[in-house]
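So the protein lines, in turn, are chains A and B.
Okay, so the first sequence: first residue is 1 according to my numbering, each after it adds one.
Okay, so the second sequence: first residue is 1 according to my numbering, each after it adds one.
Beta carbons are placed, not taken as given, at the ideal position from N, Cα and C, and that holds for glycine.
Each remark here refers to the structure printed beneath this line.
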Amino acid sequence: MISLKPDQIQPVAQNTNTNDGKIRDAKTREDSSRREFLKGSAAALALAPGMTLFAYGEAGAKPAAQAVTNKSRWGLLIDAAKFSDADVDACVKACQDENGWRDNGRPLTDAQWIRRVNLKNKKTEEKFSLPMMCQHCAEPPCVDVCPTGASFKRKDGIVLVDKHICIGCRYCMMACPYKARSFVHEHVEDQKEHAPRGIGTVESCTMCVHLVDEGKQPACVKAAPRGGMVFGDLNDKSSKLAQLIKSVATQQVRADLNLDPGVRYRNI
Amino acid sequence: MKIVLIMQRLILTLLGVSFVGVSLLAFTGQASAQPAWMPKPPKAIGGQCDLDPKIMRKTHMNLLDHKRDQTMHDGIRTKKFSLKNCIACHAVKDESNKFVTIKDERHFCRSCHDYVAVRMDCFDCHASRPGDAMNKAAKAAGNPHDKSAGVSSMGKAGDTTVVTLRKFIAGEAK
């Protein structure tokens, strides 16, 4: 029996300003309402020039003016066997650099979008670690309990906090079985312009939604060892992710809770 | 007794009229020489915003509010009315050629908000100056409001959205 015991992550170096936020294509695209898009999505996709389609299951950029739909459901597959402790820490560092949160050496109150969980099989004493973050559940308990509607699930399955309406009650933190959320206790300055965060609100992994909307991969996926993390569309059966979870044994953490997390693990 | 009352009212009316006159003079005179106490918002890097400043002054908070919900919940990331884009264009540099944050009273938003004593909490969470990458990219892509550069995302000549919005704000369309 494996016991899940969250451990402190190693303090990592301070934030460096190396991420390259990219300005979006400045060309105006045709404003197509969501309804029009749904009516003739195939035609709309064919008409928009210079677009990468989702046809091969790779993340493609949607037109900036287009609202997200439930056609996609973004997910992750994490292969624990490919992660050393240092690999997990590299993912944590990549998330910090991308989203501008940092370890202030105050573990009780520091933000934690992604963390290293150390595991030990009590019988065999086998030890390993894995990255743990918001599991982007299909049935997120954090959304169920939120009194203001700030905790919400986007149509494409990404679970977010709308900090504009978050009152900082932290009910979602209590409800999350993965301990994925944290509360901003301290005044924050010099935030990343694509990742607003401030005192008095709850935050968690956004699956790098700003990058996903541009057709890019989340920061942790890029930092993970080759094949350690696969990002993709769970709904697109031709995607690399869907093909992988079809062909190898994967599991959801606490699958017994029936939350249907979008993040799956291998070799745990 | 009655005459006194009438006289009082007359004096008050005259005072009122003269006050309005003086204020009007002050405001018409402002076009040529602005009084020192008036707010002086710094000019945007990209020149004048495509929506009429009069409309922007009155409705920017609503436009930003609307856009924020679209971006947050629907992932719509067009540049029009995006706070990130407004900040990039309205950035102000200090003596050391660095963009000032909201802590500096020369910041575009503060230049007016200080004057009207309206506290905004946007920058409790949002970055109040353009990031380095954003700054470089903005320079490379040109000015988002410059129509001549052909890269304007805000109200190109054929952009019906802005025209419709303008009409709506002006009460011409429903």
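- Within the stretch 148 to 175 of chain A, contact with chain B at the beta-carbon level (separation under 9 Å) is assigned to PHE152, ARG154, LYS155, ASP156, ILE158, LEU160, ASP162, LYS163, HIS164.
- Take the alpha-carbon of CYS134/A and the one of PRO41/B: they are about 42 Å apart.
- In this structure LYS246/A is exposed. Its beta-carbon is surrounded by fewer than 16 other beta-carbon atoms within 10 angstroms.
- Annotation: the continuous beta strand (DSSP E) that includes ASN118/A extends over 114 to 121.
- Here GLN34/B is exposed: its Cβ has fewer than 16 other Cβ atoms, across all protein chains shown, within 10 Å.
- Considering only beta carbons, the part of the stretch 78 to 95 of chain B lying closer than 8 Å to chain A consists of THR78, LYS79, LYS84, ILE87, in chain order.
- Straight-line spacing of the CA atoms in GLY75/A and ALA242/A works out to 9 Å.
- Assigned with DSSP and collapsed to three states, LYS79/B falls in coil, not helix or strand.
- Around MET72/B, the beta-carbon contacts reaching into chain A at under 8 Å are LEU160, ASP162, HIS164.
- Chain-order list of chain B residues neighbouring ASP213/A: GLY75, ARG77, by C-beta distance under 7 Å.
- Non-local beta-carbon contacts of ARG116/A in its own chain, meaning distances under 7 Å to residues more than five positions away in sequence, involve ASP7, ILE9, ASP85, VAL88, ASP89, VAL92, SER129, PRO131 in chain order.
- ALA44/B is the residue among ALA44/B, ARG68/B, CYS125/B, ARG77/B whose C-alpha sits nearest the C-alpha of ILE87/B.
- Here MET207/A is buried. Its C-beta has 16 or more other C-beta atoms within 10 Å.
- As far as DSSP is concerned, ARG106/B takes part in no beta bridge.
- Across the set GLY46/B, HIS60/B, ARG77/B, GLY47/B, the C-alpha of HIS60/B shows the shortest separation from the C-alpha of CYS109/B.
- In the structure shown, SER111/B falls within a helical segment according to DSSP collapsed to helix, strand and coil.
- Chain order gives the chain A residues near ASP124/B as GLY198, ILE199, where near means a beta carbon separation below 7 Å.
- Within chain B, no C-beta atom comes nearer than 9 Å to that of LYS71/A; the closest sits roughly 13 Å away.
- For the pair VAL209/A and SER182/A, the CB atoms are not nearer than the 9 Å cut-off.
- About 4 Å separates the beta carbon of ALA195/A from that of ASN99/A, a gap short enough to meet the 8 Å contact definition.
- Residues of the stretch 61 to 94 of chain A with a C-beta atom less than 8 Å from some C-beta of chain B are LYS62, ALA64, ALA65, GLN66, ALA67, VAL68, listed in chain order.
- Using a Cβ distance threshold of 9 Å, VAL221/A and ALA175/A do not count as a contacting pair.
- LEU259/A counts as buried, since no fewer than 16 other beta carbons sit within 10 angstroms of its beta carbon.
- Put simply, the CB of ASP233/A is far from chain B, with every gap to its CB atoms at 9 Å or more.
- Identification of residues in the stretch 37 to 54 of chain B having a C-beta nearer than 7 Å to some C-beta of chain A yields an empty set.
- Shown here is that no member of the stretch 115 to 135 of chain A has a Cβ falling below 7 Å from a Cβ of chain B.
- In the structure shown, the three-state DSSP call for ILE78/A is strand.
- Contact between ALA81/A and ARG264/A does not hold, since the beta-carbon distance rounds to 14 Å and is not under 8 Å.
- The three-state reading of DSSP puts GLU98/A in helix, counting H, G and I together.
- TRP37/B has its alpha-carbon roughly 48 Å from the corresponding atom of LYS153/A.
- Among the residues facing chain A, ARG68/B is included, as its CB has a counterpart in that chain under 9 Å away.
- Leaving aside the five residues that flank SER151/A on each side, the residues in its chain whose CB is nearer than 6 Å to its CB run, in chain order, CYS142, VAL143, VAL161, CYS172.
- At a beta-carbon threshold of 8 Å, the residues of chain B lying near GLU193/A are LYS84, ILE87, HIS126, ALA127, PRO130, GLY131, MET134, ordered along the chain.
- A direct Cα-Cα distance of roughly 23 Å separates ASN104/A from CYS169/A.
- Looking only at CYS125/B, GLU105/B, SER128/B, GLN70/B, the smallest Cα-Cα distance to ALA117/B is reached by GLU105/B.
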